[in-house]
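Taken in order, the sequence shown gives residues 1 to 310; the numbers are from this note's numbering.
Take a look at the structure set out below.
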Amino acid sequence: MALPKSVAEPAPTLTFRLSILIGFSRLHTVIATTVQVVCLYVMATALSGAPRSPIHLIAAWLACLATNLYVVGLNQLTDVAIDRLNKPRLPVAHGDLSPGEGRNIVLAAGAAALLLAVSQGPTLTLTLALIMLIGTAYSLPPLRLKARPVWAALSIALARGVIATFGVYGHFAGGAALPMPPLIGLAALFFFGFGLVIALFKDIPDREGDQRHGVGTLTVRWGPQRVYNLGWALLTTLFLLMAAALLAHRGPWTVALLSIHLALLLLFWLTGRRTDPARPPSMMRLYFVLWGLFYAEYIMFALLSQTAKI
């Protein structure tokens, strides 16, 4: 005799539901958003002379987390078939979260992001609205920028590198923070380039699913090795240019920060030497190392702001 459904399939625990939500939020992007917001708060406090209270930090952080959930969640809802090949452990692709539940979460996250942003002022509202607009265009037709390699890379780099940096800093600095300090301009330029590398490397392990479903990423068109080489060269150039900027700065922490910066580049090189771009698990390891470098470099900019007059 079959057991009653309530006995055979116990209700999911709170811990399980939380793990599903974290998976749907993509933990590495949650960490990136948190690091960005906190570091930009630190930078605004140091550079603008108009620090906000910790309450404003918490409100902006929650609004940015909700925006991140909207963007990454929407992308998963439009890529279920692809993710079953590329990322089968994601909640919707794996069946832990139904598409309907995912839609409800995405809609709630989008509404929460905008409501929180509006409560904090026009600068944060405009910033997050632009990021949500780009995220929507990235995933949904008629634009679906994901399928257009150049636009896909630009959308990721602009949202994560430029709009978030200028917008969140401007919010914490009191709204109309123009002209921006040179250090913030340097950060936006650096993380725009970093965002391009993330966009390139993100698609390398996803080649099989993208190819089967007609998504013409650069990896599908050029092959994983050529895209890997391009990303490697771009990140190396970016780090060396940043090293030159640090040398020109000659502040009290220059030697320490330059050493950390070059050590991170060495870590990337050493990990890259053991990476086979044609093997998705190998490439995923390097991809997550890349995100670790992203976090570390943002923290470095926050430290630099304590003494910088760049």
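Ideal Cβ placement from N, Cα and C applies to all residues, glycine included.
Touch check for the stretch 247–260 and the stretch 151–160: three-plus C-beta pairs under 8 Å? no
Would you call Ile20 buried or exposed, if buried means 16 or more other Cβ atoms sit within 10 Å of its Cβ? buried
Please return the same chain residues whose Cβ sits closer than 6 Å to the Cβ of Val42, not counting the five positions on each side in sequence. Ala302
So does the stretch 117–125 actually touch the stretch 166–176, counting three or more Cβ pairs closer than 8 Å? yes
In chain order, what residues of the same chain have a beta carbon less than 6 Å from the beta carbon of Gly167, not counting five sequence neighbours either side? Thr127
In this structure, does DSSP put Arg84 in helix, strand or coil? helix
Three Cβ pairs or more, each shorter than 8 Å: is that satisfied between the stretch 109–119 and the stretch 70–83? yes
How would you call Thr165, buried or exposed, if buried means at least 16 neighbouring beta carbons within 10 angstroms? buried
Three or more C-beta pairs closer than 8 Å, one from the stretch 130–145 and one from the stretch 94–108: is that the case here? no
Separation of Leu304 from Trp253, as counted between CA atoms: 7 Å
Would you mind sorting Leu200 into buried or exposed? The rule is 16 or more other CB atoms within 10 Å of its CB. buried
Quick check: Gly193 and Leu238, are their CB atoms within less than 8 Å of each other? yes
Tell me which residue opens and which closes the alpha helix (DSSP H) that Leu126 is part of. 122–139
Integer Cβ distance of Pro91 from Leu77, believed to fall under 8 Å: About 11 Å separates the two Cβ atoms, so there is no contact after all.
The alpha helix (DSSP H) spanning Pro281 covers which residue range? 280–305
What residue does the alpha helix (DSSP H) around Thr275 start on, and which one ends it? Where Thr275 is concerned, there is no enclosing alpha helix (DSSP H), given that its DSSP letter is neither H nor E.
Quick one: what does DSSP say Thr33 is sitting in, helix, strand or coil? helix
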